[in-house]
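In what follows, a structure is listed as structure tokens, so that the remarks can point back to it.
Residue numbers (the UniProt record's numbering): 1 to 318.
Structural data, given as structure tokens:
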């Protein structure tokens with residue numbers, strides 16, 4: 001691995017990312033929904049069956065809003081590679097995800113992604129890289145969503161040329177400001193296990209991660225026990241974006257009354273790993289049209305994810 005001090009951040013700021021494409025079918029959208037737990041506890045849940053099956057006159061399946069996070073295909077397309085920035089991909093940590101949604105996703109689509117650098121920060125022993133992707137429907141040219149992905153690259157820091165650590169951001173800070181969890185009782189709480197109960201399904205404890213990875217994130221950290229141990233975990237861990245999918249699905253179910261089109265924007269800050277098979281408990285606080293949430297692992301009583309979801313057209317009856 002190259003010396004981090006050889007990395008020139010000025011070259012990174014001038015780097016032109018290649019545009020990427022991504023195509024998905026109704027099958028891909030349904031597989032993603034299963035990967036984030038849709039219909040997991042109840043195969044005929046009327047709130048969630050629409051993500052995997054179109055019945056009762058429904059012509060197409062609905063697509064979960066967090067499906068937006070896989071459209072950039074970032075962890076497989078080489079987008080995270082900046083000229084001269086060396087890091088071990090096995091030690092990459094996904095820190096935060098910010099998503100803006102502009103229109104509901106069609107059940108199948110050809111996507112054109114425009115990628116840019118949103119932030120770069122020297123943290124000494126690590127670097128923080130923020131990449132923004134705008135995803136357009138290729139045929140109509142309509143902007144569907146925007147993702148801003150923040151990753152923590154261990155071993156890639158120490159490249160600042162002055163005593164003041166290098167830091168660059170080109171978006172409003174208020175978009176991803178730190179969320180303070182209210183001390184009051186949650187407005188709603190939803191509990192979800194990340195795999196079928198062993199009483200009903202004799203399957204591997206890695207089942208949830210193995211299903212989710214089929215949506216495009218093939219990082220072996222989530223499937224290979226040896227790689228997981230190198231990274232410091234006792235076994236493969238669940239994808240952070242999978243946990244985010246569980247949390248937002250809980251908000252749709254409990255706050256949006258099953259309507260995914262109410263989701264306007266999503267912020268998720270990844271706090272701790274989740275092992276497949278653990279139970280996720282999502283606490284929700286409603287503040288106007290914003291839902292502040294925190295997801296905990298029940299078995300360890302540890303917070304693993306926090307953030308907020310902004311809604312559109314929320315009814316006053318709530």
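The beta-carbon is built from N, C-alpha and C at its ideal position, and this holds for glycine as well.
Cβ neighbour criterion (16 or more within 10 Å) applied to residue i
i	result
residue 226	exposed
residue 132	buried
residue 184	exposed
residue 277	buried
residue 198	Confidence in residue 198 is poor, its pLDDT being 43 and thus under 50, which makes the residue's placement too unreliable to answer from.
residue 330	The chain is shown from 1 up to 318; residue 330 falls before or after that span and cannot be answered.
residue 235	exposed
residue 9	buried
residue 171	exposed
residue 13	exposed
residue 222	buried
residue 169	exposed
residue 128	buried
residue 230	exposed
residue 134	buried
residue 141	exposed
residue 6	exposed
residue 203	With a pLDDT of 40 at residue 203, under the threshold of 50, the predicted position of this residue should be treated as unreliable, and no value is reported.
residue 42	exposed
residue 283	buried
residue 213	buried
residue 44	exposed
Pick from the options that is closest to residue i, judged by C-alpha positions
i	options	result
residue 70	282, 309, 275 and 241	241
residue 27	171, 107 and 287	107
residue 105	212, 300 and 264	264
residue 248	125, 272 and 295	295
residue 269	256, 305, 43 and 64	305
residue 287	47, 255 and 271	255
residue 21	218, 115, 246 and 124	115
residue 34	117, 91, 53 and 110	53
residue 218	126, 90 and 95	90
residue 72	147, 167 and 126	147
residue 123	310, 160, 92 and 95	160
residue 189	250, 233 and 120	250
residue 173	186, 130 and 220	130
residue 95	178, 45 and 290	178
residue 308	180, 208 and 220	180
residue 93	55, 257 and 152	152
Per-residue DSSP class, three states only, for residue i
i	result
residue 28	helix
residue 208	helix
residue 145	strand
residue 261	helix
residue 51	helix
residue 237	coil
residue 156	coil
residue 43	coil
residue 69	helix
residue 91	helix
residue 255	coil
residue 61	coil
residue 283	strand
residue 273	coil
residue 7	coil
residue 190	strand
residue 128	strand
residue 135	strand
residue 79	coil
residue 243	helix
residue 120	strand
residue 297	strand
residue 197	Model confidence at residue 197 stands at a pLDDT of 39, short of 50, so the residue's coordinates are unreliable; what they give is reported in the following sentence. Three-state DSSP puts residue 197 in coil, outside helix and strand.
residue 216	coil
residue 19	coil
residue 228	helix
residue 202	Bear in mind that a pLDDT of 37 at residue 202, under 50, signals an unreliable position, so the number given afterwards is only what the model happens to contain. Note: residue 202 maps to coil in three-state DSSP.
residue 311	strand
residue 12	helix
Cβ-Cβ separation, residue j to residue i (assumed contact under 8 Å), whole Å
i	j	result
residue 262	residue 300	That belief does not hold up - the Cβ atoms of residue 262 and residue 300 are roughly 31 Å apart, past 8 Å.
residue 281	residue 191	5 Å
residue 51	residue 215	Residue 51 to residue 215, Cβ: 13 Å. No contact.
residue 99	residue 211	That pair is no contact at about 21 Å.
residue 112	residue 23	Going by Cβ atoms, the distance from residue 112 to residue 23 rounds to 10 Å, so no, they are not a contact pair.
residue 80	residue 74	6 Å
residue 125	residue 157	5 Å
Nonlocal neighbours in the same chain, by C-beta distance under 8 Å from residue i, ignoring five residues either side
i	result
residue 224	236
residue 259	252
residue 279	191, 192, 193, 194, 297, 298 and 299
residue 101	65, 68, 144, 145, 263, 264, 265 and 266
Contacts around residue i, its chain only, beta-carbon distance under 6 Å, and the 5 residues preceding and following it disregarded
i	result
residue 302	272
residue 48	38 and 39
residue 18	none
residue 246	36, 37, 192 and 280
Close Cβ partners of residue i (< 7 Å) along its chain, the five nearest in sequence each way excluded
i	result
residue 29	61, 63, 67 and 107
residue 182	285 and 292
Neighbour flag for residue i against chain C, beta carbons, 8 Å
i	result
residue 139	Among the chains of the structure shown, chain C does not appear; only one protein chain is present.
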